[in-house]
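Student: Number 93 in this note's numbering belongs to position 58 of the sequence shown; there are no gaps in the numbering. Think of the CB as a built atom: it goes at the ideal place given N, C-alpha and C, for glycine as much as any other residue.
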Amino acid sequence: MAHAVSYSSDEMPTEAARSLWIQVTESLLRLGTASATPSDLHDLRILIHRLRLAILAYLDDAAP
């Protein structure tokens with residue numbers, strides 16, 4: 036059985052990434068209540084893409 040992993044916005048490397056993480060989490064909660072629209076799904080995809088870019092940029096800057 037897979038172990039549940041808990042993440043928080045404090046674990047994100049920058050304030051921008053923390054903000055995106057919160058937005059992604061809020062969008063996922065809307066999906067869980069089945070109140071999300073197709074537009075919400077589109078917005079979630081964009082948020083996840085932006086979060087990935089922010090984390091990758093941070094990792095590139097932190098690389099030796």
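#1: Contact check, isoleucine 90 vs alanine 52 under 8 Å by CB: the rounded distance?
#2: What's the C-alpha gap between aspartate 75 and arginine 87?
#3: Would you tell me roughly how many angstroms separate the C-alpha atoms of arginine 65 and isoleucine 57, rounded to the nearest one?
#4: Using the Cβ count rule (16 or more neighbours within 10 Å means buried), how would you classify leucine 63?
#5: By Cβ distance below 8 Å, which residues in the same chain neighbour tyrosine 93 in space, the five residues on each side in sequence not counted?
Tutor: Quick answer:
#1: The distance from the Cβ of isoleucine 90 to that of alanine 52 is about 6 Å, consistent with a contact at the 8 Å cut-off.
#2: Aspartate 75 and arginine 87 have their C-alpha atoms spaced approximately 18 Å apart.
#3: Taking the Cα positions, arginine 65 is about 13 Å away from isoleucine 57.
#4: Exposed.
#5: Pro48, Thr49, Ala52.
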